[in-house]
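So the structure is just underneath, and the comments pick up after that.
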DNA sequence: TCATAAAAGATTGTGCGCAATATTATTTTG
DNA sequence: CAAAATAATATTGCGCACAATCTTTTATGA
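Chains as they are written, first to last, in our numbering: chain R, 2 to 163; chain V, 2 to 163.
Below, the structure is given as structure tokens:
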């Protein structure tokens, strides 16, 4: 696995090396990418998770769909402990409104404000800029994305005991 | 890029789709992997970042090296705002000791306690178990790890204006 | 029908990450 | 040698993530 490990190392020395952990590569790369987004999103006054919420809402707006908090949770894999305060902050910033559904008072639906909807224009350049900064062939990025989704799906299947 | 997008979509519709963001795949996969670790590490009373710290300390112990907080920061890409409280918690749990260097009182060195050192035995099975849960060919995992490090290194080079 | 269960969010508490600033010790410089 | 700069860590404050619990509303069913 590692190329520069002394021959004297036992098997679990290799397995426990930080550099050999897939998880650390994921962890570090994710934070590095998020840091790039932070920079790009500063102009839009969005944090990275807030940007993800906006992506879902912009997408739904185009197809005329109404988004519930539970929809967001499924899509982003986040629970209400994360989403409730996040969405309240976003509502406070005037990006969206939270409305109790009249038919089912348990449900909260999310609606872009005019400025939230308009912010989409400013965000258009973000994905391309990030691909540029990643400095990898587009083909390799697509392949990386596929592999990550594959990993994600498998883990979600395996862990689906709840 | 995406296979199921309507032909009517404009270019930036595709770019702004959640599913097409590399970042989201990274974000979601990272959290899914971390969730698996959380489960495995519960037995050891370690959080995931604490586990990463232990990996570094176990590794250094084997080669007789002394680890400073700044070393950990470089290795894990974390700053003192994260590390100071993290290490204090770990010290509180009896995993390690923090010692001011006698030669240079600015420096804090980290030293495994007996139980911190012994915990390594219990952690030996963790990496293998995780690879197992990932459900991908070992070769593919190694390749994924390489790609992620490549991405990480490139971002660190580009962002190195500080 | 009325209790019971289930669904959808909200709340509480803990532990990261990280920006910004502060503190203390060492080094550099005029 | 004293003042300024730098280095190493600490502190503060905010925003996620997530487990655990709670509240309110709707659905079920004996």
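C-beta: ideal position from N, C-alpha, C; glycine also.
Contact annotation for residue 112 of chain V against chain R: no contact, minimum CB-CB distance about 18 Å [criterion: below 7 Å]. Given a length threshold of 4 residues, each whole run of the alpha helix (DSSP H) inside the region 93-150 of chain R is given here in chain order: 115-124 and 127-135. Residue pairing from DSSP places residue 68 of chain V in a beta bridge opposite V:111. Below the 9 Å Cβ cutoff, chain R contributes 33, 36, 37, 40 and 134 as neighbours of residue 160 of chain V, in chain order. Nearest CB-CB separation between residue 86 of chain R and chain V: not below the 9 Å threshold.
Residue burial annotation: residue 67 of chain R is exposed, with fewer than 16 other C-beta atoms found within 10 angstroms of its C-beta.
What residue 81 of chain R touches in chain V, judged by beta-carbon distance under 7 Å, is nothing: the nearest beta carbon there is about 16 Å away.
Closest in alpha carbon position to residue 30 of chain V, among R:159, R:160, R:158 and R:150, is R:150. Straight through space, the alpha carbons of residue 119 of chain V and residue 43 of chain R are spaced by roughly 45 Å. Within the model, the alpha-carbon separation for residue 47 of chain R versus residue 92 of chain V is close to 36 Å.
Taking 9 Å as the cut-off, the beta carbon of residue 73 of chain R is found closer than this to the beta carbon of residue 88 of chain R.
The beta carbon of residue 91 of chain V sits no closer than 9 Å to any beta carbon of chain R. Residues of the same chain with a CB within less than 7 Å of the CB of residue 135 of chain R, apart from the 5 flanking positions on each side, are 142 in chain order. Three or more pairs of CB atoms, one per stretch, sit closer than 8 Å, so the region 97-114 of chain V contacts the region 57-66 of chain V. The Cβ atoms of residue 131 of chain V and residue 37 of chain V lie closer than 9 Å to each other. Taking each of R:160, R:133, R:125 and R:155 in turn and checking the Cα distance to residue 15 of chain V, the smallest one comes out for R:125.
Contact between residue 117 of chain V and residue 84 of chain V fails: their C-beta atoms lie close to 16 Å from each other, not under 8 Å.
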